[in-house]
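Peer 1: Mapping of the sequence shown onto the working numbering: residues 1439 to 1812, in sequence order.
We treat Cβ as the ideally placed atom computed from N, Cα and C, and that holds for glycine.
All values derive from a computational prediction rather than experimental measurement.
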Amino acid sequence: MTTYQDLGVKKIINAAGTYTKYSGSLMSKEVLEAMEAASKDFVDIDDLLIKSGKYLADLIGVESALITAGAAAGLALSTAACIAGNNKAVKRKLPLGDNLKNEIIVQKSHRNPYDQAIITAGGEFVEIGNAIECFGWELEAAISEKTAAVFHFIQSDMFRSSLPLDEVLEIAHRYQLPVIVDAAAELPPRSNLTKFIEMGADLVLFSGGKDLRGPQSSGLMLGNKDLIDLCRANGYPNHALGRPMKLDKETIMGLTTAVELYLKEDQEMRMQKWQQQAEYIQHNLEGIAGLTGQVGFPEQPLTQPAVIPRVFFEVDKEKLGLDKEELAEKLYFAEPAVVVVFDKKHLIINPHMLKEGEEEYIVEEIARIIEGVE
1439 MTTYQDLGVK
1449 KIINAAGTYT
1459 KYSGSLMSKE
1469 VLEAMEAASK
1479 DFVDIDDLLI
1489 KSGKYLADLI
1499 GVESALITAG
1509 AAAGLALSTA
1519 ACIAGNNKAV
1529 KRKLPLGDNL
1539 KNEIIVQKSH
1549 RNPYDQAIIT
1559 AGGEFVEIGN
1569 AIECFGWELE
1579 AAISEKTAAV
1589 FHFIQSDMFR
1599 SSLPLDEVLE
1609 IAHRYQLPVI
1619 VDAAAELPPR
1629 SNLTKFIEMG
1639 ADLVLFSGGK
1649 DLRGPQSSGL
1659 MLGNKDLIDL
1669 CRANGYPNHA
1679 LGRPMKLDKE
1689 TIMGLTTAVE
1699 LYLKEDQEMR
1709 MQKWQQQAEY
1719 IQHNLEGIAG
1729 LTGQVGFPEQ
1739 PLTQPAVIPR
1749 VFFEVDKEKL
1759 GLDKEELAEK
1769 LYFAEPAVVV
1779 VFDKKHLIIN
1789 PHMLKEGEEE
1799 YIVEEIARII
1809 EGVE
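#1: Quick one: grab the DSSP three-state call for MET1465.
#2: Could you check what DSSP says for ASP1620 in three-state terms: helix, strand or coil?
#3: TYR1442: buried (16+ other C-beta within 10 angstroms of its C-beta) or exposed?
#4: I need the DSSP call for ASN1525, collapsed to helix, strand or coil.
#5: In whole angstroms, give me the CA-to-CA distance for GLU1752 and PHE1591.
#6: Output yes or no for whether 8 Å exceeds the beta carbon distance between THR1506 and GLY1512.
#7: Per DSSP, which residues does ALA1511 bridge with? Please list them.
#8: Of the choices VAL1447, THR1730, LEU1532, whose alpha-carbon is the least far from that of LYS1757?
#9: Thinking just about the alpha-carbon of each residue, which of GLU1578, VAL1749, SER1599 is nearest to the one in LEU1607?
#10: If we call anything under 8 Å between Cβ atoms a contact, is GLU1636 one with GLN1742?
#11: Rounded to whole angstroms, what is the Cα-Cα separation between PHE1634 and VAL1811?
#12: When the Cα atoms are used, what is the spatial distance from GLN1554 to GLU1809?
#13: Please return the same chain residues whose Cβ sits closer than 6 Å to the Cβ of ALA1495, not counting the five positions on each side in sequence.
#14: What residue does the alpha helix (DSSP H) around ILE1505 start on, and which one ends it?
#15: Is the distance from the Cβ of PRO1616 to the Cβ of LEU1641 below 8 Å?
#16: Looking at the unbroken alpha helix (DSSP H) that takes in ILE1800, where does it start and where does it end?
#17: Rounded to whole angstroms, what's the CA-CA distance from LEU1497 to ASP1649? Just pull it up for me.
#18: Are three or more beta carbon pairs between the segment 1535-1548 and the segment 1582-1598 nearer than 8 Å?
#19: Could you round the C-beta distance between MET1791 and SER1463 to whole angstroms and report it? I think they count as a contact, below 8 Å.
#20: If you count every other CB in all the chains shown that lies within 10 Å of the CB of SER1594, and 16 or more means buried, which is it?
#21: Under the rule that 16 or more other beta-carbon atoms within 10 Å means buried, what is TYR1700, buried or exposed?
#22: Cβ of ALA1519 within 8 Å of Cβ of CYS1669?
#23: Along the chain, which unbroken stretches of the beta strand (DSSP E) at least 3 residues long are found entirely within the segment 1694-1746?
#24: With a 10 Å radius around its C-beta and 16 neighbouring C-beta atoms as the bar for buried, classify SER1582 as buried or exposed.
#25: Mind checking VAL1733: buried by the 16 CB within 10 Å criterion, or exposed?
#26: Applying the 10 Å Cβ sphere with the 16-neighbour rule, what's the burial state of MET1439?
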């Protein structure tokens, strides 16, 4: 068996969060066992996607579900479904085509790097609002006969300039337009699996490889059955826009098992663990002059979800001899490496993906680095 060590790839302690760049999350033994069991037999992928979706929808308590090749794939598939509808000729040509009903309305404050998934499927953005504010009348004025859907990104709700989801839903549905909600990293709380659908969202997208702790290359789409059927028609294994977004049977069964486990686990106990780890790190480093830490929550989109407590450190270069970026770099080149994030003011340690006891190593390593600065 080839190992990371054989390849010269270093292992990291993940104090950043469920970033794809840092492997998202770690799967449980049960998920890995489900994937191994799935690998031993052939199945019809269409049959597996339909029946796993039905199983998960019943389990979660929603109308329909579909496992996708990540949440970004869900953005592309839902865009394709809203543009093409039941038109097979349009579906076959996407993202190309003439006179398409392909306008996607999105708030300016909701634009993000995942725009490309929507553009890939043939969507053209119609932007509303500005960096300061957005009003319902702007959404209404943007609607035309070319509008395919309205997209809403939950992390951007943290901006004061964001039009609330309930208002978006009321206006869009008045014009019979679907609202697609990207909630990729918005777990926990577990209640979010159904919250946005109960509010009226037509589709809600989650990552399978973040807090659900399924395969990193998986995603979960929940919502309206007719729309999900169209998404599936645009996806693998069909010859359509989503064909490159391939899923294997092992990933499908792995995420199905991960969701089962997620619905049963003690969420309160997990929250308590993260709070304890954050407080341990803050308390054990508070005596270092020039390093001021506080346990809290992000006030703007950063590493979602915002409900995870984390430690915000102000790093005084005059007193410590290094700034937050330099401290983060030294942590990355430690052995083992530690990855963190930072905003304009803080170095941030997020316990979301820390294993038991790793908070102790982080404290020791930060203290060692600072002590060694000349």
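Peer 2: With the structure as the only source:
#1: Three-state result, MET1465: coil.
#2: Here ASP1620 sits in strand by DSSP.
#3: Around the beta carbon of TYR1442, fewer than 16 other beta carbons lie within 10 angstroms, which makes this residue exposed.
#4: Reduced to three states, the DSSP call for ASN1525 is coil.
#5: Taking the CA atoms as reference points, GLU1752 sits about 29 Å from PHE1591.
#6: Less than 8 Å divides the Cβ of THR1506 from the Cβ of GLY1512.
#7: According to DSSP, which records beta bridges pairwise, ALA1511 is partnered with nothing at all.
#8: Comparing Cα positions, the closest option is THR1730.
#9: When GLU1578, VAL1749, SER1599 are compared, the shortest CA-CA separation from LEU1607 is found for GLU1578.
#10: No Cβ-Cβ contact shorter than 8 Å links GLU1636 with GLN1742.
#11: Whole-angstrom Cα-Cα distance: 49 Å.
#12: GLN1554 and GLU1809 have their alpha carbons spaced roughly 44 Å apart.
#13: Only SER1502, ALA1503 meet the Cβ criterion.
#14: No alpha helix (DSSP H) holds ILE1505; the beta strand (DSSP E) holding it covers 1502-1506.
#15: Yes, they are a contact pair.
#16: 1796-1809 is the extent of the alpha helix (DSSP H) around ILE1800.
#17: Rounded to the nearest whole angstrom, the C-alpha separation of LEU1497 and ASP1649 is 18 Å.
#18: In short, these stretches touch, since the Cβ pair count reaches three.
#19: 6 Å between Cβ atoms; contact.
#20: So SER1594 counts as buried.
#21: Burial state of TYR1700 is buried, judged by a 10 Å Cβ sphere holding 16 or more other Cβ atoms.
#22: A contact, by the Cβ cut-off of 8 Å.
#23: If we require 3 residues or more, the beta strand (DSSP E) runs fully inside the segment 1694-1746 come out as 1729-1734.
#24: Flag for SER1582 reads exposed.
#25: Residue environment analysis places VAL1733 among the buried positions, since at least 16 neighbouring C-beta atoms fall within 10 angstroms of its C-beta.
#26: Exposed is the call here.
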